[in-house]
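Below is one structure, written out as structure tokens, with a few remarks after it.
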Amino acid sequence: MSSLNASLATALSGLTAEQGALEATTNNVANVNTPGYSRLVPVLVSSDPIVVDPLTLGTGVTLQSVESIRDPLLESQIQQETQVQGQFNSLTSALQQTQDNFTTSSSDIGTQISNFFDSINQLSTDPADLSVRQGVLTAAGNLATSFNTTANSLTQQQNSLDLSVVQTVGQINQLTSQIAQLNGQISNLQNVGESAGSFIDQRTQAIDQLSTLTDISVIPSNNSVTLTTGNGAALVTGQQSFTLQTQLNSSGLHDVYSQGDDITASITSGQLGGTLQARDQQIPAILTQLDTLASSLANAVNGVQAAGFDLNGNAGTNLFTPPPATGVGAAASLSVAITDPSLIAASSDGSTGSNGNAEALYALGSQTIINGQTPSDYYSGVVFNVGNDVSNASAEQTASGLVLQQLNDQRSSISGVSLDEEAANMVQYQSAYAAAAQVVTTINDMLYTVVNMATLTG
Amino acid sequence: MNKTLTGVNITSASIGARTPSPGHTVEAGTTPSIHPLTSATLPLGGAELDSASVALLQELARSLHAGQQALLSRDLLSLELNTQTQHRLCQALEILWTQKAATPSSYRPGSPNGPDGALAVRLRAAQWQVLQLGRVQAALLIRAQRSLRMIVHLRAGLEATYSAPHLPLGADRQEASSGSSRRRP
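Residue numbers (my numbering), protein chains in the order written: chain Z, 157 to 614; chain U, 64 to 248.
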């Protein structure tokens with residue numbers, strides 16, 4: 157039979173274990189409103205028994221560990237969706253800013269195209285009137301300014317997105333360094349059998365933040381996680397983090413490098429992915445369309461001008477400065493080549509009253525001179541595409557928000573703290589602690605009796 | 064009640080449960096009913112067709128919204144039912160728009176039923192809402208598909224990725240009987 161001292165040790169193990177369990181509950185209650193906190197659950201196991209012939213006696217209870225309740229699959233889904241949401245948040249925001257350039261106003265390209273052809277229409281009714289001719293030059297100048305303003309605004313937006321790329325890369329580096337550090341702390345604690353729940357929570361939150369910024373793959377390993385970018389470039393391995401660098405490319409924009417490799421094109425999600433998509437794909441595509449419109453329109457007008465005669469009977473000269481042969485930068489550099497209104501070639505035969513060439517110029521407005529479309533239709537197509545891109549990105553953003561909400565609710569139901577449950581646990585641990593304390597008191601009384609017995613018999 | 068419009072049967076049941084019963088009247092200011100399709104006054108005028116379109120589109124928007132909630136909460140039965148409803152509503156809209164295309168425009172400038180009138184504005188708003196909800200629905204379905212793939216991969220486990228390719232049943236025996244000494248990869 158076991159000694160009274162052994163029984164006392166068994167009762168004390170109960171006190172210690174229940175106290176530990178109560179501490180877990182206390183921590184849960186304290187963190188009820190902490191974002192990203194996963195509730196702790198004490199794992200109690202019975203201690204190794206001892207054999208006192210012919211009996212096997214228990215030796216009490218051990219608080220083996222305090223575990224955080226998590227669902228790895230859910231965490232993975234949340235991280236993936238967070239990346240997608242980050243991408244569409246930044247893409248939608250960038251595209252909405254782009255769309256502002258195409259809002260119908262008195263100075264937008266579409267209105268200026270109409271105004272330009274309206275002024276030529278007026279010219280065809282009175283080709284010799286200098287004030288009407290001046291009106292054509294003013295409308296042409298406004299059209300060129302409108303192209304310049306829109307193209308420059310898009311380029312400025314591209315540059316500010318580029319700045320955002322550099323800042324985001326800085327944030328990524330900060331987070332990967334923090335995660336590597338947390339890996340070390342978690343590893344150290346777990347190697348000595350301690351619970352690293354709060355550090356794991358901090359790491360999960362840091363990984364969630366990183367997911368908002370870029371696409372990552374999370375590979376759990378022993379007491380640690382390895383993080384890579386979508387294409388496998390290492391970000392964090394154990395306690396070591398690998399920084400991303402930015403480097404200027406030939407276009408004057410920053411590319412993202414990982415250990416010497418250009419990984420810009422492979423970054424597809426997260427805030428960085430969305431920003432790169434807007435900077436490198438969406439805005440350049442719109443600029444190309446504007447360049448096509450500006451160069452085609454300028455070339456067509458110049459071509460008709462050359463076929464006619466000005467007010468002095470001379471052959472027409474360019475109305476717009478000839479755009480670059482490749483068309484690149486045509487919208488940003490479009491300008492009116494003449495300042496003298498008499499140089500507009502309205503006449504088709506050199507006579508002052510002729511309006512044949514003015515009518516030919518006016519007809520350009522309804523001719524399919526740009527990729528099989530009229531100038532106005534082509535511009536409408538550009539506006540439609542921008543609006544469509546904004547709508548698609550916005551729909552993706554909404555869908556991501558809905559899915560993330562659903563996933564976070566699921567995570568809360570698994571990992572979140574329920575005050576009712578914690579209150580019940582508290583009562584349970586308190587009762588067990590009180591019972592164990594009563595056992596200690598009883599054994600103490602028994603020991604006292606034994607000691608007194610020994611004194612009396614001695 | 065069955066009516067034939069451009070060769071397609073439209074029944075009140077086929078348009079959805081919200082279709083008013085015969086004789087049902089709609090109070091002013093409430094959501095317009097889709098009675099034109101089930102009434103005996105066909106062929107319809109342009110304004111009536113637009114009113115019916117707005118009602119159908121609003122019904123479609125409600126169904127898309129309900130479908131999204133079902134998709135998020137993994138309620139497959141509700142998703143299926145809503146998809147069926149959406150399919151029926153789309154068919155009804157197609158019929159309406161075919162009818163509208165064949166109806167000569169009788170709009171007068173300044174009329175509330177004209178291209179810039181209140182009805183047209185409501186129609187465009189309803190179309191826009193359905194378009195956007197459709198986009199969100201598509202995005203949600205893609206995500207559901209991705210989650211499903213993730214679970215399938217998890218269920219498959221690692222051995223599925225690295226195991227040798229499966230040979231058809233009996234291939235081993237045929238290979239052995241042919242005396243081939245080639246080793247399987």
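C-beta: ideal position from N, C-alpha, C; glycine also.
{"Item": "9 Å Cβ cutoff, V199 of chain U in contact with chain Z", "Value": "yes"}
{"Item": "Nearest-angstrom Cα separation, counted from L453 of chain Z out to L293 of chain Z", "Value": "15 Å"}
{"Item": "Where the alpha helix (DSSP H) through S316 of chain Z begins and ends", "Value": "L286 to N347"}
{"Item": "Counted within 10 angstroms of its Cβ, other Cβ atoms place G472 of chain Z as buried (16 or more) or exposed", "Value": "buried"}
{"Item": "Proximal chain U residues relative to S547 of chain Z, where beta-carbon distance stays under 8 Å", "Value": "L194, Q195 and R198"}
{"Item": "Beta-bridge pairing of E223 of chain Z - partner residues as DSSP gives them", "Value": "Z:V197"}
{"Item": "Three-state secondary structure (DSSP) of I109 of chain Z", "Value": "Lying before the first or after the last residue shown, residue 109 of chain Z is absent from chain Z, which here runs from 157 to 614."}
{"Item": "Straight-line Cα distance separating V199 of chain U from H216 of chain U", "Value": "26 Å"}
{"Item": "Residues within the region 243-255 of chain Z neighbouring chain U, beta-carbon criterion of under 8 Å", "Value": "none"}
{"Item": "Chain U contact for V595 of chain Z (CB, 9 Å cutoff)", "Value": "no"}
{"Item": "L560 of chain Z: first and last residue of the uninterrupted beta strand (DSSP E) it sits in", "Value": "Looking at the DSSP string, L560 of chain Z is not in any beta strand (DSSP E); the run it does join, the alpha helix (DSSP H), is P531 to S571."}
{"Item": "Enclosing beta strand (DSSP E) for V207 of chain Z [first to last residue]", "Value": "I206 to V208"}
{"Item": "Of the residues U:R209, U:L182, U:T161 and U:E122, the one placed nearest S114 of chain U, counting alpha carbons only", "Value": "U:L182"}
{"Item": "Inter-residue spacing [alpha-carbon to alpha-carbon] between L171 of chain Z and A593 of chain Z", "Value": "7 Å"}
{"Item": "Minimum length 4: unbroken alpha helix (DSSP H) runs contained in the region 452-502 of chain Z", "Value": "486-489"}
{"Item": "Contact under 9 Å by Cβ, A501 of chain Z with A463 of chain Z", "Value": "yes"}
{"Item": "Close-in-space but distant-in-sequence residues of the same chain around A362 of chain Z (CB under 8 Å, 5 per side omitted)", "Value": "L331, Q334, I335 and L338"}
{"Item": "Chain Z within 9 Å of A129 of chain U, Cβ atoms only", "Value": "no"}
{"Item": "Whole-angstrom C-beta distance between A129 of chain U and N145 of chain U, which should lie under 8 Å", "Value": "5 Å"}
{"Item": "CB contact check: T384 of chain Z to chain U, cutoff 9 Å", "Value": "no"}
{"Item": "Neighbour-count burial assignment, L517 of chain Z, 16 or more Cβ in a 10 Å radius", "Value": "buried"}
{"Item": "For L279 of chain Z, the three-state DSSP class (helix, strand or coil)", "Value": "helix"}
{"Item": "Pairwise C-alpha distance: E237 of chain Z and Q220 of chain Z", "Value": "35 Å"}
{"Item": "Per-residue DSSP class, three states only, for A390 of chain Z", "Value": "strand"}
{"Item": "Within-9 Å CB hit, T554 of chain Z to chain U", "Value": "yes"}
{"Item": "Under 8 Å by beta carbon: chain U residues contacting V559 of chain Z", "Value": "L135, L203 and R206"}
{"Item": "Q365 of chain Z, DSSP secondary structure in three states", "Value": "helix"}
{"Item": "Assumed close pair V583 of chain Z, T248 of chain Z - CB separation to whole angstroms, cut-off 8 Å", "Value": "That belief does not hold up - the Cβ atoms of V583 of chain Z and T248 of chain Z are roughly 50 Å apart, past 8 Å."}
{"Item": "Counted within 10 angstroms of its Cβ, other Cβ atoms place F355 of chain Z as buried (16 or more) or exposed", "Value": "buried"}
{"Item": "CB contact below 9 Å: V240 of chain Z versus chain U", "Value": "yes"}
{"Item": "Residues, ordered as in the chain, of the region 559-578 of chain Z that lie near chain U by beta-carbon distance below 9 Å", "Value": "V559, Q561 and Q562"}
{"Item": "Continuous beta strand (DSSP E) stretch holding I234 of chain Z: start and end", "Value": "No beta strand (DSSP E) contains I234 of chain Z, which is instead part of the alpha helix (DSSP H) from P228 to Q255."}
{"Item": "Assigned secondary structure, V606 of chain Z (DSSP; H/G/I helix, E/B strand, else coil)", "Value": "helix"}
{"Item": "Min CB distance L217 of chain U to chain Z below 9 Å", "Value": "yes"}
{"Item": "C-alpha gap between Q195 of chain U and L558 of chain Z, whole angstroms", "Value": "14 Å"}
{"Item": "R187 of chain U at chain Z interface by Cβ criterion, 9 Å", "Value": "no"}
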